[in-house]
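Residue numbers (the working numbering): 5 to 508. Here a beta-carbon is modelled for each residue, glycine too, at the ideal position from N, C-alpha and C. The structure under discussion appears below in the form of C-alpha cells.
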C-alpha cells in the first residue's frame with residue numbers, strides 16, 4: 005500500500021521486565037511497579053538509546069489509514085496482511101461465528117493466559133466485518149464494534165502497614181497502601197493504590213488492618229476490602245492538612261474528589277512538571293528528558309521552571325549524562341524555547357483544566373501574559389469555550405504568590421510573553437462560525453484541520469450546540485454526528501470542508 009498506518013500495543017514480557025528492574029536496582033534507582041508502567045516510561049524517554057535498551061515488543065491489532073491498491077473487507081484479513089508484512093500479531097486470537105463460541109473461547113483461554121510470557125487481563129471481542137464497523141461507528145471514547153471481556157483479578161490477603169501520600173504533577177495528593185509483601189499474580193506486591201480519599205473512607209482501611217488486594221493482568225494492584233480489622237483499631241485515615249512534601253496549602257475543590265497541593269514550586273511536582281514544561285506541545289526543549297530532569301532536581305540546581313533558563317554548560321557537565329556537545333545542544337534548545345508564543349508557555353505551566361487548545365484560546369483572547377494574569381474570573385468566562393470551572397482554575401492559579409514569583413522569574417529570563425496576532429481574512433468563508441470535527445480525516449490530522457479553520461476566520465471547538473456552524477464528519481464518526489443531525493446543524497464531509505475553504 006502507498007500508506008499503511010498500523011496501530012497496536014507495546015508490551016514487555018516478564019523476563020525482560022525482571023531484567024530491567026535488576027538493572028534499576030544496580031543503578032540505585034527505584035524499580036518499576038509493573039511492565040505497563042515500565043513500557044510507558046520507556047516510550048516517554050527523549051533519549052532513544054534508553055528506549056532501545058528496554059527491549060520493548062509490539063503487537064499489531066488495528067489500522068488507522070490504508071491507501072493504495074491493497075484492500076481488505078474483514079479485520080481478520082487485516083491481521084493476515086500484517087503477518088505477511090512482518091509485523092508481530094498475537095497468536096492468541098480466534099475467528100468464531102456465534103456469541104456462544106465467544107463465551108466458550110473466553111472460558112478456554114482462562115487457562116491459557118497463564119502460559120503466556122506476558123501479562124494480560126482479558127480478551128477483546130471484535131466484529132470481523134469492516135462494513136459493519138462503519139455502520140456501528142464510534143462513541144467519543146471507543147468503537148461500538150469491540151468489547152473487552154476481562155477476567156476477575158487474582159487476590160491475596162496481607163497486612164496494611166501504613167497509608168502513604170504521593171504528590172503528582174498537578175499537585176494531586178494520592179493515598180497508597182504500604183503493605184507487608186505478598187505474592188500475587190506472579191509478582192511480590194508491597195504497595196497498592198487506594199485511588200483517592202473517598203475510596204479510603206469507603207473501604208475504611210486503617211494501618212494494622214488485614215486487607216484483600218487484587219491484581220488483574222498488568223493493572224496496578226488495588227485494595228479491595230478490609231478482611232480483618234486491626235486490634236486495637238487505628239484512627240481513620242484523613243487527608244493531610246498540608247502538602248506532605250513542601251508543607252504548602254492543600255485544597256479540595258467543590259464537587260471534586262481530589263485534594264491538591266497548590267504550590268507550583270513543590271519539589272514533588274517539579275520533576276513531573278518539568279517534563280510537561282519541556283514537552284513538544286509546550287516549550288519543546290528536546291533533550292530535557294526524564295534522566296536529565298532527575299539529576300538536575302536531585303542535585304538542587306533546578307527547583308522550578310525558571311531555573312532551567314539559568315543553566316550553564318558547567319552545570320550540565322557536572323552531570324553524568326553530558327559531554328561538551330550534548331551540553332551545548334541542550335543550551336541551544338533552551339535558548340530557542342524562549343521564543344515560543346504565549347500559548348505554549350501557558351500550556352507548559354500545567355494549569356489544571358488547561359490543555360493546549362484552551363491555552364491557545366486564552367493566549368489569543370488576551371494577547372499578553374500581564375493581561376491574562378490580571379484577568380478577573382468574569383473576563384475569563386467571556387472567552388468562547390471557557391466555562392466557569394476552567395475560569396476558576398486559571399484565575400486561582402495566577403492569584404497564588406508562588407505563581408506570581410515564578411512568572412516574574414520567567415519574564416526576567418527573557419521568555420516571550422505575547423501571542424502573535426492571528427490575521428483573519430476579512431471575508432473568510434468561516435468568519436464567525438465554529439466548526440467541530442468528528443471521526444478520522446483522510447488527508448490531514450485533526451490539528452491541521454483546526455488550524456485551517458482558524459486561518460479561514462472560524463473557531464475550532466470540541467462540542468456541538470445549536471450555535472455550531474458546521475460539523476465535519478470523517479470516517480467512523482462518534483456521537484457528535486448524531487447530535488448535529490438532531491440539532492439541525494449543517495454537516496460536511498472532508499472533501500466538502502476543503503471545497504468550502506477553497507482547497508482541493
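Every unbroken stretch of the alpha helix (DSSP H) spanning 4 or more residues and falling wholly within the stretch 399-486 is given here in chain order: 405-416 and 450-459.
Inter-segment contact for the stretch 42-49 and the stretch 124-138 is absent: fewer than three beta-carbon pairs are separated by less than 8 angstroms. Only residues of its own chain outside the window of five on either side were considered, and among them 250, 252 and 406 have a CB closer than 6 angstroms to the CB of residue 267, listed in chain order. In the same chain as residue 188, and ignoring 5 residues on each side of it, the C-beta atoms closer than 6 angstroms to its own belong to 158, 160 and 219, in chain order.
Note on geometry: alpha-carbon atoms of residue 389 and residue 468 lie some 11 angstroms from one another. For the set 281, 282 and 307, the Cα lying nearest the Cα of residue 409 is the one of 307. Secondary structure at residue 76: coil, using DSSP grouped into helix, strand and coil.
Taking all protein chains in view, the Cβ of residue 50 is crowded by 16 or more other Cβ atoms within 10 Å, so the residue is classified as buried. Note that the C-beta distance between residue 447 and residue 502 is below 9 angstroms.
The alpha carbon of residue 271 has as its nearest neighbour, out of 80, 311 and 401, the alpha carbon of 311.
Three or more beta-carbon pairs separated by less than 8 angstroms are not found between the stretch 177-188 and the stretch 125-140, which leaves the two stretches without contact.
By the Cβ criterion, the stretch 338-356 is in contact with the stretch 286-306, since at least three pairs of Cβ atoms, one from each stretch, lie closer than 8 angstroms.
By the Cβ-count criterion, residue 105 is exposed, with fewer than 16 other Cβ atoms from all chains shown falling within 10 Å of its own Cβ. Scanning 141, 417, 153 and 55 for the CA closest to the CA of residue 112 turns up 153.
Straight through space, the alpha carbons of residue 443 and residue 142 are spaced by roughly 8 angstroms. The three-state reading of DSSP puts residue 262 in coil, since its state is none of H, G, I, E or B. For residue 490, the three-state secondary structure derived from DSSP is helix. Where residue 246 is concerned, there is no enclosing alpha helix (DSSP H), because DSSP gives it neither an H nor an E. Sequence-distant partners of residue 86 (beyond 5 residues in either direction) whose C-beta falls short of 6 angstroms from its own C-beta, in its chain, are 64 and 93. Around the CB of residue 425, fewer than 16 other CB atoms lie within 10 Å, so the residue is classed as exposed.
Across the set 373, 156, 461 and 84, the C-alpha of 156 shows the shortest separation from the C-alpha of residue 115. In the displayed model, residue 332 falls within a helix according to three-state DSSP. Excluding sequence positions up to five before and after residue 169, its CB lies within less than 8 angstroms of the CB of 177, 178, 179, 180, 244 and 248, all in the same chain and listed in chain order. CA-CA distance, residue 352 to residue 291, rounds to 16 angstroms. In the DSSP assignment, no residue is bridged to residue 131. The secondary-structure analysis by DSSP pairs residue 37 with nothing; it has no beta-bridge partner. Each of 300, 227 and 205 was checked against the Cα of residue 195, and the nearest Cα belongs to 227. Assigned with DSSP and collapsed to three states, residue 89 falls in coil, not helix or strand. Inter-residue distance for residue 402 and residue 378 is about 8 angstroms (C-alpha atoms, whole angstroms).
Around the CB of residue 324, fewer than 16 other CB atoms lie within 10 Å, so the residue is classed as exposed.
Here the alpha carbons of residue 321 and residue 331 stand approximately 7 angstroms from one another. In the three-state DSSP reduction, residue 199 falls in the coil class, being neither helix nor strand. For residue 229, the enclosing beta strand (DSSP E) starts and ends at 226-232. Boundaries for residue 390: no beta strand (DSSP E) harbours it, and the DSSP string shows neither H nor E there.
Note on geometry: alpha-carbon atoms of residue 369 and residue 387 lie some 7 angstroms from one another. Cβ contact annotation for residue 480 (same chain, cutoff 8 angstroms, sequence separation greater than five): 137, 138, 141, 142, 147, 443 and 444, in chain order.
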